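Notes to accompany the following structure.
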DNA sequence: TACAATCTGTTGCACGCACAACTATAACAC
DNA sequence: GTGTTATAGTTGTGCGTGCAACAGATTGTA
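Chains as they are written, first to last, in this note's numbering: chain G, 1 to 160; chain W, 161 to 320.
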């Protein structure tokens, strides 16, 4: 179940199998994220990055999160999140609220309109994720993939 | 081996397993592409997008490709590729050459300097891909993944 | 208390990309 | 031939993002 590769042939080109496992990964991600993003924009005017923010806010206890925590969650730089939240505030899907107990901090809070919009978008998105990804996998494959990703993010993260 | 999911529960949230298989995929891709890009820039001043272009050119018969074919290969818009090749020409890693037999077309041609630069970068990149991705997989897992990606890009592509 | 070091979020700036509009060439119809 | 349609590549423009620099608040130390 764990990595059992023969001593890696450093610098040598990838063989057929390695190539399929690696470039297929890249191709699949590119295709999926493009399609899901386009789908979400077409149906609800929400890009995927926005959807992610609403997702984390909607699923958090009080519908709010600290800016920096949110940035980490959606894998965005702090400045990137500042701008993204700017747009969400403009569209009245999110509000900024001073963080009680720490005058430096700000909380992003999802509004009722934001929740409504997100609930609609979630249907579309879940449907897309299933149809384009999950439905192509058997139960065993899903389990295996979940394990692989888990293993990788543990191994890869602390290295940088 | 093929998809055997019970009739998808449309709209319902993802269960634990589905979540792991899906969000892990996203997280892993984000982390890997960030790290590999940063690594390549630090070591050779080449971003990943540039590396991809040089890869396709270096591996093509005469070290040259039509602009539009190249754009499709590296998953970039045509305008995006035009600008990217502009930069490569400025850095003298690639040249533009009129396409014989079609006065509309242009070929991007890798230069000697481009080949040299790419050969260096390739070592770094292959090493990174192995260390961060392939080495975490057993042979069976690599085989399974290659199959999954293949199945998915066939199913997902024509749908859009 | 005072002062340095750290942390939070925002802003200036530059970059890379996509979309749409455009020019030039090619392919096809008649 | 002429006219129409399709294709190739470039350019104008706007958007989303990261990095570096910054102001304000907090924590730690003397």
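Using N, Cα and C, we set each Cβ at its ideal position, and we do this for glycine too.
Keep in mind it's a predicted model, so treat the numbers as computed, not measured.
Task: Short Cβ contact (9 Å threshold) for residue 200(W) with residue 18(G) - done: Not closer than 9 Å, so no.
Open item on the list: Quick check on the burial criterion: 16 or more other C-beta atoms within 10 angstroms. Buried or exposed for residue 90(G)?
Closed with: Its Cβ having fewer than 16 others within 10 Å, residue 90(G) is exposed.
- [ ] Give the straight-line distance between the Cα atoms of residue 59(G) and residue 180(W), rounded to the nearest whole angstrom.
- [x] So the alpha carbons of these two residues sit roughly 17 Å apart.
- [ ] Check the Cβ-Cβ distances between residue 63(G) and every residue of chain W, and say whether any is below 9 Å.
- [x] False, the Cβ-Cβ gap to chain W never drops below 9 Å.
Task: Three-state secondary structure assigned by DSSP to residue 108(G) - done: In the structure shown, the three-state DSSP call for residue 108(G) is strand.
- [ ] At 9 Å on the CB atoms, spell out the chain G contacts of residue 313(W), in chain order.
- [x] Neighbours of residue 313(W) on chain G, chain order: 24, 27, 28, 31.
TODO: Starting from residue 105(W), follow its DSSP beta bridges and name the residues at the other end.
DONE: Within the shown structure, residues of chain W are numbered from 161 to 320, placing residue 105(W) beyond reach of any answer.
- [ ] Can you check the region 75-101 of chain G for any alpha helix (DSSP H) of at least 4 residues that lies completely inside it and give the ranges in chain order?
- [x] Runs of alpha helix (DSSP H) with 4 or more residues, each lying fully within the region 75-101 of chain G, are found at 78-90, listed in chain order.
TODO: Would you kindly report the start and end of the unbroken beta strand (DSSP E) that includes residue 64(G)?
DONE: Element bounds for residue 64(G): 64-66.
Task: Sufficient close CB pairs (3 or more, under 8 Å) joining the region 112-128 of chain G to the region 32-46 of chain G - done: In short, these stretches touch, since the Cβ pair count reaches three.
TODO: Note down the Cα distance separating residue 151(W) from residue 214(W), rounded to an integer number of angstroms.
DONE: The requested residue 151(W) does not occur in the structure, where chain W is confined to residues 161 to 320.
Open item on the list: Could you tell me the alpha carbon to alpha carbon distance between residue 81(G) and residue 97(G), rounded to whole angstroms?
Closed with: Roughly 15 Å between the two C-alpha positions.
Task: Whole-angstrom distance between residue 271(W) and residue 255(W), CA atom to CA atom - done: One Cα belongs to residue 255(W), the other to residue 271(W), and the distance between them is close to 7 Å.
Task: Nearest neighbour of residue 173(W), chosen from 119(G), 13(G), 152(G) [CA to CA] - done: Nearest of 119(G), 13(G), 152(G) to residue 173(W), Cα basis: 119(G).
TODO: Scan the region 101-135 of chain G for residues whose Cβ lies nearer than 7 Å to a Cβ of chain W and list them as they occur along the chain.
DONE: Along the region 101-135 of chain G, going in chain order, the ones with a CB nearer than 7 Å to a CB of chain W are 123, 126, 127, 129, 130, 132, 133, 134, 135.
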